[in-house]
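**Q** Listed in order, the protein sequences are those of chains A, B and C. Read in order, the letters of the first sequence are residues 167 to 490 in the working numbering. Read in order, the letters of the second sequence are residues 102 to 430 in the working numbering. Read in order, the letters of the third sequence are residues 9 to 286 in the working numbering. Glycine included, every Cβ here is placed at the ideal spot set by N, Cα and C. Note that the structure is predicted; figures quoted are calculated from it, not measured. To start, I am sharing the structure in question, which I have written as structure tokens.
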Amino acid sequence: MPTQSSFVTPATPMRAYASTADLAISPPSHREASDRARAVASPKDLRTEPAPVRFVIIALAVTFLTVFVVLPLVVVFASAFSKGISAYFSALAEPEALSAIRLTLLVAAISVALNLVFGVIAAWAIAKFEFRGKTFLITLIDLPFSVSPVISGLVFVLLFGAQGYWGTWLQANNIHILFAVPGITLATIFVTFPFVARSLIPLMQEQGTQEEEAAISLGASGLQTFFRVTLPNIKWGLLYGVLLCNARAMGEFGAVSVVSGHIRGETNTMPLLVEILYNEYQFVASFAIASLLAMLALITLVVKTVLEQRLDEGQTPRDDPRDH
Amino acid sequence: MIRRILPLVAGLLWASSAFAADYTLLNVSYDPTRELYADFNKAFAAAYQKETGKSVEIKQSHGGSGSQARSVIDGLQADVVTLALAYDIDAIAAKGLVAPDWQKRLSLNASPYTSTIVFLVRKGNPKAIKDWDDLIKPGVQVITPNPKTSGGARWNYLAAWGFAEKKFGSADKAKKFVGDLFKNVPVLDTGARGSTVTFVERGVGDVLLAWENEAFLAQREFGKDKFEIVAPPLSILAEPPVAVVDKVADKKGTRPVAEAYLKYWYTKEGQEIAARNSYRPRDSEIAKEYEKSFAKVELFTIDDVFGGWTKAQKDHFGEGGIFDQIYKN
Amino acid sequence: MSTAVARRSSLPGFGLTMGLTLTWLSVIILIPLAGLFLKTFELSPAQFWEILTSRRTLNALKISFGLSFAAACVNLVMGTIIVWALVRYRFPGRRLFDAIVDIPFALPTAVAGVALTQLFATKGWLGAPLAELGIKVAFTPIGIFIAMVFIGIPFVVRTVQPVLIDLDPEIEEAAASLGANRWHTVFRVILPSLIPALLTGFALAFARAVGEYGSVIFIAGNLPNVSEIAPLLIVIRLSEFRYADATAIAVIMLLASFLIILVVNRLQRWAQARIPVH
């Protein structure tokens, strides 16, 4: 039985990107199973369509996904390997490619780490306490989801550019933010800001505060409570947020493009190098880098699926008592 | 597989700082010079090491000339700028980063190599494009980048204008001609390289207005059996200038090496590299040696026809200038 | 409720975590965005208006918003069909197709951009047959539209999917037993209860498409007034050193983002208010 609880309180952080605010998204798997059981149980089920209609709908869905989603992915790998495997690997071993990979890993590591810490802190404040303006605060956290990446870069140019608000002072003190790693990192943090917090808030809200209160009343400190009680409960959700945050951090193009300066071998991230090589007629090299990023996307999806299963498992016993 | 991946991993772990050179220069350049500077930097680094015993590493940044100037103004730490046209360096000078007299500090308007604008057409020249007035014929698709962001595009525009003014005898008619030309432009990329990719790889358009060197490069990369270069009888002498960014070089203490870098252009070796990469060399001996590589084109200068860059920029590409008027109508 | 609040407040760390949250939010999001707004105040209202109503800006906004709307509409229809197939039917590869719905979200936009361009260029796998039919996709507004459809599809699917799964089967059974035919049940009973989720998915896909840059610029022709999207115009204005223009366009787009978020929030409240109906 679908219950009110699963709708009102967001059950899992699944597809955190789609939920700009309190939209409840419940885990599909266990209910889906019973759904299907029902649909399959009686062939004369009233809840399905005639076979031709079914066929057309499935055909439409599969064709659409194949053309729009699968083919672009296949093109990336086909183009990357179009000149053979050794061309592929020598493209990746270019110093410029290696430096782009290094920079991308560095920027992603810093952005994810910072967003991890602050995401957890924000989720604690928002999920465990009641206060006025909570919805508004969540909306602000969501904002980077719908801001154009170009604007996310532009704001930092306006602040830190030599002609920007703090530019003169920064130049005078020889501090370089724009066209250097700090600027690229800031833009990346901006676009990945909501991921961790938005993955955790629904989960922590649903788990309530009883366990933590029990720990506190037994004399545990706040930090102890967090690490011993809260963290084990939210670890899969946290990983989930980190995973999506990382995927976006490594793949960000628009925002980083505006603040990068495109210094070869220094401030080009992998997505930027894809563009540069593409413009240099080095299609194999360009698609080779692109294929690494595509692989990252695929790995992200696989891990995400695994994590969603974990989340569902953690969810079911919690849900069940309320269902009855 | 493992043997292929190992060097990758090793390369990743090897921090680039391990090869730190005595000096590092950042050369902020425009779009089509990637291959030129890859060549030139290597030669200069070797020559400099031989002469002074110091190693120098040159980093490159490429993009539309106007965008690159903007980045330098916004704080990109360029030791030298090697842009498509003098106006873009003037814009940097206006912000006090480069001395106002920069163009007098090196000979030949600080343009050690020149180029011109030619047409790249598809094999067999199916639309029979021979001269500028063929470009405004109906059904001819012309590919050129956006003059607002690309230096090469500004040279394209001015070359067309110079032709029209000479042929039709008035600025009004030239304006109409250029307007008609841009009506035939289906794509405006932000940089010259983007336009080349559009024409060559994406198969859009009948003719690409391109830097001579860019046209040769495209032909080399994709084969003479696919593209032909058509040199119009009359075109513009494009002078891409170079300058040391004083404020940055002084702060970083790289002025001597930055100056040596630019002066290297004026050596026989430097001129030879320019010629090899299909830029027209200034040195008469090298020019003679490579005479056959370049088509005979009558060249007019920007000073002759437009009264210099500042005026050309203001009249044509500034806010509300002729280019804006063309695109409003 | 009051006891709940009281109990909640017994946990430590509210002041500290809220302080850190607000600080971090201000440093990363609020101050930079405030800087953007502040910059536009350097313009007089007349100048601001002139920039926004210039032909090129208007066209770029029209292209971005218009094509995003069209793409979101396609996403709405196709998304519903995909959700229906994934939730209601069983077919070989169903789980795989369920998983790949997220690819447009996980794939970096630049990669999507070069891949779609390669695919739809006149020499590409799909571009070549389409060119035979006289349809040019790459470097035309259709290309922009295709890229926007690509990036928007997961948003509709992932917002509607859980709602369809949770839909009470008894409603359908009741409708059917009351004599409604299947067509009637689907369009009069099921789809109406999906409307809040559909609209939310639509709004999210729309918001994403309006701001999209990476996957669009490769495949768009970038021709002023024809195939130039608003985010690209911001970048071009920036290159031309026209900060005022860039920020003015950015502010308008930012306000649109705010508006969309507010609409989405409203939709969700509406969706929750409808629950007792089930």
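Taking C-beta pairs closer than 8 Å, name the residues in chain B that residue 71 of chain C reaches, listed in chain order.
**A** If you number the third sequence from 1, residue 71 of chain C lands on position 63. Ordered by position in chain B, no residue passes the 8 Å Cβ test against residue 71 of chain C, which lies about 14 Å from the chain.
**Q** Checking contacts by CB at 8 Å: is residue 325 of chain A closer than that to chain C?
**A** The count along the first sequence starts at 1 and reaches residue 325 of chain A at position 159. For residue 325 of chain A, the answer is yes, since a Cβ of chain C falls inside 8 Å of its Cβ.
**Q** Can you tell me where the alpha helix (DSSP H) with residue 230 of chain C in it begins and where it stops?
**A** Counting from one through the third sequence, the residue named residue 230 of chain C turns up at place 222. Where residue 230 of chain C is concerned, there is no enclosing alpha helix (DSSP H), given that its DSSP letter is neither H nor E.
**Q** Does residue 304 of chain B have its Cβ less than 8 Å from a Cβ in chain C?
**A** Residue 304 of chain B sits at position 203 when you count from the first residue of the second sequence. By this cut-off, residue 304 of chain B is an interface position.
**Q** For the candidate residues B/339, B/249, B/294 and B/330, whose alpha-carbon lies nearest to that of residue 89 of chain B?
**A** Here chain B covers residues 102 to 430 and nothing more, so residue 89 of chain B does not appear.
**Q** Give the straight-line distance between the Cα atoms of residue 452 of chain A and residue 151 of chain C, rounded to the nearest whole angstrom.
**A** In the first sequence, residue 452 of chain A corresponds to position 286, counting from 1. In the third sequence, residue 151 of chain C corresponds to position 143, counting from 1. Those two C-alpha atoms are separated by around 21 Å.
**Q** Starting from residue 308 of chain B, trace the beta strand (DSSP E) in both directions and tell me its first and last residue.
**A** Walking along the second sequence from the start, residue 308 of chain B turns up at place 207. In the DSSP annotation of this structure, the continuous segment of the beta strand (DSSP E) that includes residue 308 of chain B starts and ends at 308-312.
**Q** Can you list the residues of chain A that residue 127 of chain B reaches, using a CB-CB cut of under 7 Å?
**A** Reading the second sequence from its first residue, position 26 is the one you call residue 127 of chain B. Within chain A, the residues near residue 127 of chain B are 429.
**Q** Drop a sphere of 10 angstroms on the beta-carbon of residue 356 of chain A, count the other beta-carbons inside from all chains shown, and report buried for 16 or more, exposed for fewer.
**A** Locating residue 356 of chain A in the first sequence gives position 190, counting from the first residue. Per the 10 Å Cβ criterion, buried.
**Q** Roughly how many whole angstroms lie between the Cα atoms of residue 265 of chain B and residue 281 of chain B?
**A** As a working note, residue 265 of chain B is residue 164 in the second sequence. As a working note, residue 281 of chain B is residue 180 in the second sequence. Going from the Cα of residue 265 of chain B to the Cα of residue 281 of chain B covers about 11 Å.
**Q** Using 8 Å as the threshold, is the stretch 260-273 of chain C in touch with the stretch 214-224 of chain C, meaning 3 or more CB pairs across them?
**A** yes
**Q** Which residues, in chain order, does the stretch 332-351 of chain A contribute to contact with chain D at a C-beta distance below 9 Å?
**A** The question asks about chain D, but that chain is absent: this structure's protein chains are A, B and C.
**Q** List, from N- to C-terminal side, the alpha helix (DSSP H) runs of 4 residues or more that fit wholly inside the stretch 310-380 of chain B.
**A** 313-323, 347-353, 356-364 and 369-377
**Q** Which residues in chain C sit within 8 Å of residue 452 of chain A, going by Cβ to Cβ distance?
**A** Residue numbering aside, residue 452 of chain A sits at position 286 when the first sequence is read from its first letter. Under the 8 Å cutoff, chain C gives 122.
**Q** Quick check: what's the CA-CA separation for residue 114 of chain C versus residue 238 of chain B?
**A** Numbered from its first residue, the third sequence carries residue 114 of chain C at position 106. Numbered from its first residue, the second sequence carries residue 238 of chain B at position 137. CA-CA distance, residue 114 of chain C to residue 238 of chain B, rounds to 46 Å.
**Q** For the beta strand (DSSP E) that residue 221 of chain B lies in, which residues bound it at each end?
**A** Along the second sequence, read from residue 1 onward, the residue named residue 221 of chain B stands at position 120. Run containing residue 221 of chain B: 214-223, per the beta strand (DSSP E) assignment.
**Q** Counting contacts by CB-CB distance shorter than 8 Å, is residue 445 of chain A in contact with chain B?
**A** In the first sequence, residue 445 of chain A corresponds to position 279, counting from 1. Cβ-Cβ to chain B under 8 Å: yes for residue 445 of chain A.
**Q** Assuming contact is defined by CB atoms lying nearer than 8 Å, are residue 374 of chain B and residue 260 of chain B in contact in what I supplied?
**A** Within the second sequence, the letter at position 273 stands for residue 374 of chain B. Within the second sequence, the letter at position 159 stands for residue 260 of chain B. No; because the gap between Cβ atoms is not below 8 Å, this pair is not in contact.
**Q** Taking only beta-carbon atoms, is residue 278 of chain A less than 8 Å away from chain C?
**A** As a position in the first sequence, residue 278 of chain A is number 112, starting the count at 1. At a cut-off of 8 Å between beta-carbon atoms, residue 278 of chain A makes no contact with chain C.
**Q** Judging by CA-CA distance, which residue of A/434, A/425, A/439 and A/225 is the nearest neighbour of residue 343 of chain A?
**A** Position 177 of the first sequence, counted from the first residue, corresponds to residue 343 of chain A. Looking at the Cα atoms, A/425 is the closest of the given residues.
**Q** Using a 10 Å radius around the Cβ and a threshold of 16 neighbouring Cβ atoms, would you call residue 470 of chain A buried or exposed?
**A** Start at 1 with the first residue of the first sequence, and residue 470 of chain A comes out as number 304. Residue 470 of chain A comes out buried.
**Q** Hey, how far is the Cα of residue 385 of chain A from the Cα of residue 125 of chain B?
**A** Taking the first sequence and counting its residues from 1, one reaches residue 385 of chain A at position 219. Taking the second sequence and counting its residues from 1, one reaches residue 125 of chain B at position 24. Spanning the two alpha carbons is a distance of roughly 59 Å.
**Q** Give me the residue from B/316, B/142, B/173 and B/229 with the minimum Cα distance to residue 218 of chain B.
**A** Numbered from 1 along the second sequence, position 117 holds the residue referred to as residue 218 of chain B. Among B/316, B/142, B/173 and B/229, the Cα nearest to that of residue 218 of chain B belongs to B/316.
**Q** In terms of residues, what are the limits of the beta strand (DSSP E) holding residue 399 of chain B?
**A** The sequence position of residue 399 of chain B within the second sequence is 298, counting from 1. In this chain, the beta strand (DSSP E) harbouring residue 399 of chain B covers 399-401.
**Q** Given that a residue counts as buried once 16 or more other Cβ atoms are within 10 Å of its Cβ, and exposed if not, what is residue 414 of chain B?
**A** Here residue 414 of chain B is taken as the residue at index 313 of the second sequence, counted from 1. Buried.
**Q** Starting from residue 235 of chain A, find everything on chain C with Cβ-Cβ shorter than 8 Å and list it in chain order.
**A** The sequence position of residue 235 of chain A within the first sequence is 69, counting from 1. The contact set of residue 235 of chain A on chain C, defined by CB atoms closer than 8 Å, consists of 108, 109, 111, 112, 158 and 161 in chain order.
**Q** How many Å lie between residue 475 of chain A and residue 231 of chain C at the Cα?
**A** Residue mapping note: residue 475 of chain A aligns to position 309 of the first sequence, counting from 1. Residue mapping note: residue 231 of chain C aligns to position 223 of the third sequence, counting from 1. Distance between the alpha carbons of residue 475 of chain A and residue 231 of chain C: 47 Å.
**Q** With distances taken between CB atoms, is the gap from residue 254 of chain B to residue 293 of chain B smaller than 8 Å?
**A** As a first step, residue 254 of chain B must be located in the second sequence, where it is residue number 153. As a first step, residue 293 of chain B must be located in the second sequence, where it is residue number 192. For residue 254 of chain B and residue 293 of chain B, yes; Cβs fall inside 8 Å.
**Q** Are there three or more Cβ pairs, one per stretch, closer than 8 Å when the stretch 301-313 of chain A is compared with the stretch 349-368 of chain A?
**A** They touch, by the three-pair rule.
**Q** The alpha helix (DSSP H) that contains residue 125 of chain B, what's its start and end?
**A** On the second sequence, residue 125 of chain B is found 24 positions in, with the first residue counted as 1. No alpha helix (DSSP H) holds residue 125 of chain B; the beta strand (DSSP E) holding it covers 124-131.
**Q** Could you check whether the Cβ of residue 365 of chain B sits closer than 8 Å to any Cβ belonging to chain C?
**A** Along the second sequence, one-based indexing puts residue 365 of chain B at 264. With 8 Å as the cut-off, residue 365 of chain B does not count as an interface residue toward chain C.
**Q** If contacts are defined as beta-carbon pairs under 8 Å, then residue 273 of chain C and residue 160 of chain C qualify, I think. What distance do you get, rounded to the angstrom?
**A** Numbered from its first residue, the third sequence carries residue 273 of chain C at position 265. Numbered from its first residue, the third sequence carries residue 160 of chain C at position 152. No, residue 273 of chain C and residue 160 of chain C are not in contact; Cβ-Cβ is about 19 Å, not under 8 Å.
**Q** Return yes when the Cβ of residue 265 of chain A is within less than 8 Å of the Cβ of residue 418 of chain A, no when it is not.
**A** Residue numbering aside, residue 418 of chain A sits at position 252 when the first sequence is read from its first letter. Residue numbering aside, residue 265 of chain A sits at position 99 when the first sequence is read from its first letter. Result no, Cβ atoms of residue 418 of chain A and residue 265 of chain A do not sit closer than 8 Å.
**Q** Considering residue 181 of chain B, what are the terminal residues of the alpha helix (DSSP H) in which it resides?
**A** Position 80 of the second sequence holds residue 181 of chain B. Unbroken run through residue 181 of chain B is the beta strand (DSSP E), 181-183; no alpha helix (DSSP H).
**Q** Restricting to Cα atoms, I'd like to know which of A/247, A/447, A/263 and A/416 is closest to residue 136 of chain B.
**A** For the purposes of this step, residue 136 of chain B is identified with residue 35 of the second sequence, where counting begins at 1. Taking only the C-alpha atoms, the option nearest residue 136 of chain B is A/447.
**Q** Counting only Cβ pairs nearer than 7 Å, list the residues of chain B close to residue 229 of chain C.
**A** Within the third sequence, numbered from 1, the residue matching residue 229 of chain C stands at position 221. Ordered by position in chain B, the residues that pass the 7 Å Cβ test against residue 229 of chain C are 287 and 288.
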